[in-house]
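A short worksheet on the structure shown next.
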Amino acid sequence: MKLESSLAKEAAVLAQKLCELERLEHPVWVFDLDNARILWSNESSLNVWQADSKEELLSRELGADMSVSVSKRLKQYKTDFSRDKTARFTEVWTLYPNGEPVTLNVVFSAYWLSSERLCMFCEGVTEKTAGAETLRSSEALLHTSVHISLYSSAGAPLYRNPASRSSVANANSRLQEHFVNPEILRQLDDPSVDEIQAITSVNTVNGVVWHDITARRCLDVVSGEAAWLISEVDVSKLKATEEHAQFLAEHDTLTKLPNRNYVSIYFQKQIDEVLTEGKSGGLIFIDLDNFKNVNDSLGHDAGDQLLVEVADRLRSLAVSQYSIARLGGDEFLLMINPIESEQHFESIMQNIINVVSVPITLQGREVQVTPSIGVALFPNNGTQILELMRHADLAMYHAKETGKNDFAYFSKELSDAAESKMNLVSELRLALKNNEFETYFQPRVEVSSNLIVGAEALVRWNHPTKGQIPPGGFIAACEESGLISDLGKVVFKDAIIAQRVWAEQGHDIRISVNLSSLQFNEENLVQDLLDIVREHRGNTKKIELEITESVLLGHDRCTIDKLHQLVACGFEIAIDDFGTGYSNLAYLHRYPISCLKIDRSFIHSMDSASPIIDLIVAMAKLFDLYVVAEGVETTEQLDMLNNIYCQEYQGFLFHKPTDFNSFTRLLSQHDIMAA
Ligand code: C2E
Ligand code: CA
Ligand code: CA
Numbered sequence: 011m012k013l014e015s016s017l018a019k020e021a022a023v024l025a026q027k028l029c030e031l032e033r034l035e036h037p038v039w040v041f042d043l044d045n046a047r048i049l050w051s052n053e054s055s056l057n058v059w060q061a062d063s064k065e066e067l068l069s070r071e072l073g074a075d076m077s078v079s080v081s082k083r084l085k086q087y088k089t090d091f092s093r094d095k096t097a098r099f100t101e102v103w104t105l106y107p108n109g110e111p112v113t114l115n116v117v118f119s120a121y122w123l124s125s126e127r128l129c130m131f132c133e134g135v136t137e138k139t140a141g142a143e144t145l146r147s148s149e150a151l152l153h154t155s156v157h158i159s160l161y162s163s164a165g166a167p168l169y170r171n172p173a174s175r176s177s178v179a180n181a182n183s184r185l186q187e188h189f190v191n192p193e194i195l196r197q198l199d200d201p202s203v204d205e206i207q208a209i210t211s212v213n214t215v216n217g218v219v220w221h222d223i224t225a226r227r228c229l230d231v232v233s234g235e236a237a238w239l240i241s242e243v244d245v246s247k248l249k250a251t252e253e254h255a256q257f258l259a260e261h262d263t264l265t266k267l268p269n270r271n272y273v274s275i276y277f278q279k280q281i282d283e284v285l286t287e288g289k290s291g292g293l294i295f296i297d298l299d300n301f302k303n304v305n306d307s308l309g310h311d312a313g314d315q316l317l318v319e320v321a322d323r324l325r326s327l328a329v330s331q332y333s334i335a336r337l338g339g340d341e342f343l344l345m346i347n348p349i350e351s352e353q354h355f356e357s358i359m360q361n362i363i364n365v366v367s368v369p370i371t372l373q374g375r376e377v378q379v380t381p382s383i384g385v386a387l388f389p390n391n392g393t394q395i396l397e398l399m400r401h402a403d404l405a406m407y408h409a410k411e412t413g414k415n416d417f418a419y420f421s422k423e424l425s426d427a428a429e430s431k432m433n434l435v436s437e438l439r440l441a442l443k444n445n446e447f448e449t450y451f452q453p454r455v456e457v458s459s460n461l462i463v464g465a466e467a468l469v470r471w472n473h474p475t476k477g478q479i480p481p482g483g484f485i486a487a488c489e490e491s492g493l494i495s496d497l498g499k500v501v502f503k504d505a506i507i508a509q510r511v512w513a514e515q516g517h518d519i520r521i522s523v524n525l526s527s528l529q530f531n532e533e534n535l536v537q538d539l540l541d542i543v544r545e546h547r548g549n550t551k552k553i554e555l556e557i558t559e560s561v562l563l564g565h566d567r568c569t570i571d572k573l574h575q576l577v578a579c580g581f582e583i584a585i586d587d588f589g590t591g592y593s594n595l596a597y598l599h600r601y602p603i604s605c606l607k608i609d610r611s612f613i614h615s616m617d618s619a620s621p622i623i624d625l626i627v628a629m630a631k632l633f634d635l636y637v638v639a640e641g642v643e644t645t646e647q648l649d650m651l652n653n654i655y656c657q658e659y660q661g662f663l664f665h666k667p668t669d670f671n672s673f674t675r676l677l678s679q680h681d682i683m684a685a
């Protein structure tokens, strides 16, 4: 009621003020934006509004059945006018007095009441007689969320639909102020460009956002002059999703550092830039020593925590001109670009060692990790990021091999060595295919009787050009490349066949086969060996598997299970080179072992090593294991064995390893003691 009376007062004031306008032939009225009412109108408006009287028109509550888009537009007008008090707009409006559509061209501008309230002054210019199509399209233009605007070819604004008006900070802003990207601005000035389509950043009332824009050259229907018609859709949200996806693709989620993808693109760009300036830089490959131990003993969460901490420390290195990335696992990459001086570069590396080596507390425990660092310099060691990474990686391995917690530079020698290793591996792969490997056998002899009671299978490589190569020349490469898995099976198969053939000839001796610790990583090791035994009608009870102490040291549940399964299948387990490893005696009774082989080195220096031999023998007795002495070359050594608890020996004194046929002859010349 109160509102009614205050409105009536305002209306009365207006009627007095605007009485001169009664004479106009155009319909003219003042619209109250706050209350959605007409506050004043001239006589000719009554026609347009189909009103009986002014009183009746002023009493209409126009907000009652107003659509959402119309009320949104009214709000928009308010913002438009508060931004620009002098703005005038022309729009085609369709009014619905008493439900009947009446279309007319309306020019409207701001009108402030004496109470400072903002109203809208509306002037119906010409009654529209346009077709339905035009009417609908102009309605669509008013309501669409697509921003439509028309600018003169010089950039002055000619028209903006409400969506466009809602986004510009200033209704008079020119086309050139709208775009951020200089390339778009250039194209707008280029007479040969008729259309521009782009997703680009634009200035809006909400700051810089992303719009999908189409700009077309056209003619302004009013002036007939060249103009730009621009339509725009806000794609900021899409763009943000896309940017996030790109971030994820190029960064490591754990440490938020750039990842390998990022490195291959952006590091290369930086390298190129520095090289064109004639400067040099360094790529630093960092690998944490013993990181696996942390993961294994404290769990993956602790491992993750450690990686995040190391990433933070590397980030905080006070170095200018550097980039940093995590390549995966415990590998980080740092690029110094450009290098100021040799001393400065080395001090950076010393700093890396220092910051990474500071102990960190994980689950209440102090843990210290140290880095091994490899460096490749550009352009000296290459200009391509992948090549440089490979070289820095090689240098890192060299640092690790020669003592951890240190750094090493890449050198030609390192890459030559790596190359020849690679060549060796591909030769080995071929050798496996071409059956170039041959299994030799060395007799195992009973000390008391000097009769052959067994044999050890030892592999040889009959190289097509280099002649026969002993295992020392290729076993390590097979282990590193994973080929040991296939090679191990070839030797195992040969041993199974030899055992059966000799047994059929009346020499049912035990054959031992070397198993690499890496073969225990094979999930199906046990089943694969059993398949070979079955296929070649072998006898597991006559096969001994020689393993090294390193297999037992991991205390890996799977390995232990495999050992027990093998024993359950009838195999015997011997520990090879005993005494050279950790000689942790505890495992002797924990694992299903039946034999110890004393390493050759102790037999060779029997005098000085006698306390060790005594200890080994004492333990073997304690755990009821039998003992084999390896590498017996002299009768003195054999005599010594006669005096201690040692059942068998191997060595050049009796016979060198020899091929299958020679060994068969050797057996037939001997009285064999069946096992
Ligand atoms: P190992 O298992 O300790 O084998 C005994 C090595 O001592 C053999 O060297 C043998 O020829 C050598 N030897 C035997 N008696 C004497 C002696 O009186 N004096 C001297 N100086 N040496 C003697 P080989 O055949 O060169 O094998 C070297 C190593 O290669 C083996 O040491 C074993 O660790 C590995 N190996 C050989 N064959 C295989 C295989 O099939 N699989 C795996 N995983 N490793 C193998
Ligand atoms: Ca052996
Ligand atoms: Ca050995």
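Remember, the working numbering sits 10 above the position in the sequence shown when you count from 1. Built from N, CA and C at the ideal position, the CB exists for glycine as well. Just so it is clear, the structure is predicted and the values come from calculations on it, not from any experiment.
Residues whose Cβ lies closer than 5 angstroms to any heavy atom of ligand 2, listed in chain order: 524, 556 and 586.
Per DSSP, the beta bridge partners of residue 214 are 217. With 16 or more other CB atoms across the displayed protein chains lying within 10 angstroms of its CB, residue 520 is buried.
DSSP places residue 421 in no alpha helix (DSSP H); its state is neither H nor E. Runs of the beta strand (DSSP E) spanning 3 or more residues and lying entirely within the segment 444–489 occur at 447–456, 462–473 and 477–479, in chain order. If you check the CB distance, residue 67 and residue 56 come in under 8 angstroms.
For residue 119, there is no enclosing alpha helix (DSSP H); the residue is part of the beta strand (DSSP E) that begins and ends at 112–122.
Straight across, the Cα-Cα distance linking residue 206 with residue 156 is about 17 angstroms.
Following the DSSP letters along the chain, one finds residue 554 inside the beta strand (DSSP E) bounded by residues 553–557. Taking 8 angstroms as the cut-off, the Cβ atoms of residue 355 and residue 281 do not count as close.
Residue 569 counts as buried, since at least 16 other C-beta atoms from the protein chains shown sit within 10 angstroms of its C-beta. Residue 396 places its beta carbon 8 angstroms or farther from that of residue 290. The C-beta distance from residue 625 to residue 642 rounds to 19 angstroms, too long to fall under 8 angstroms, and the pair is not in contact. By the criterion of a C-beta distance shorter than 7 angstroms, residue 338 is surrounded in its chain by 270, once the five residues flanking it on both sides are discounted. For residue 660, the shortest C-beta to heavy atom distance toward ligand 1 is below 7 angstroms.
Leaving aside the five residues that flank residue 32 on each side, the residues in its chain whose CB is nearer than 8 angstroms to its CB run, in chain order, 52 and 53. In the displayed model, residue 524 falls within a strand according to three-state DSSP. If you check the C-beta of residue 580 against ligand 1, you find no heavy atom less than 7 angstroms away. Bounds of the alpha helix (DSSP H) holding residue 395 are 395–411.
Annotation: residue 602 is outside any beta strand (DSSP E) and is labelled neither H nor E by DSSP.
Collapsing the DSSP output to three states places residue 76 in coil. Between ligand 1 and the CB of residue 356, the shortest heavy atom gap is not smaller than 7 angstroms.
In the DSSP assignment, residue 189 is bridged to 212.
Counting along the chain, residue 584 sits inside the beta strand (DSSP E) bounded by residues 582–588. Between ligand 3 and residue 666, a heavy atom-to-CB distance of less than 7 angstroms is absent. Set against 7 angstroms, the gap from the CB of residue 609 to the closest heavy atom of ligand 3 is smaller. At a Cβ-Cβ threshold of 8 angstroms, residue 658 and residue 463 count as neighbours.
Close CB contacts of residue 558 within its chain, under the 8 angstroms cut and outside five residues either way in sequence, are with 527, 585, 586, 587 and 591 (chain order). According to DSSP, residue pairing for residue 236 in a beta bridge involves 229. Here the alpha carbon of residue 391 sits roughly 43 angstroms from the alpha carbon of residue 248. Straight-line measurement puts the Cα of residue 336 at about 22 angstroms from the Cα of residue 371.
Looking at 221, 449 and 262, the one whose alpha-carbon comes closest to that of residue 668 is 449. For residue 545, the shortest separation between its Cβ and any heavy atom of ligand 3 does not lie below 7 angstroms. Annotation: the continuous beta strand (DSSP E) that includes residue 335 extends over 332–338. Placement of the Cβ of residue 640 at a distance of less than 7 angstroms from at least one heavy atom of ligand 3 is found. Straight across, the Cα-Cα distance linking residue 36 with residue 216 is about 39 angstroms.
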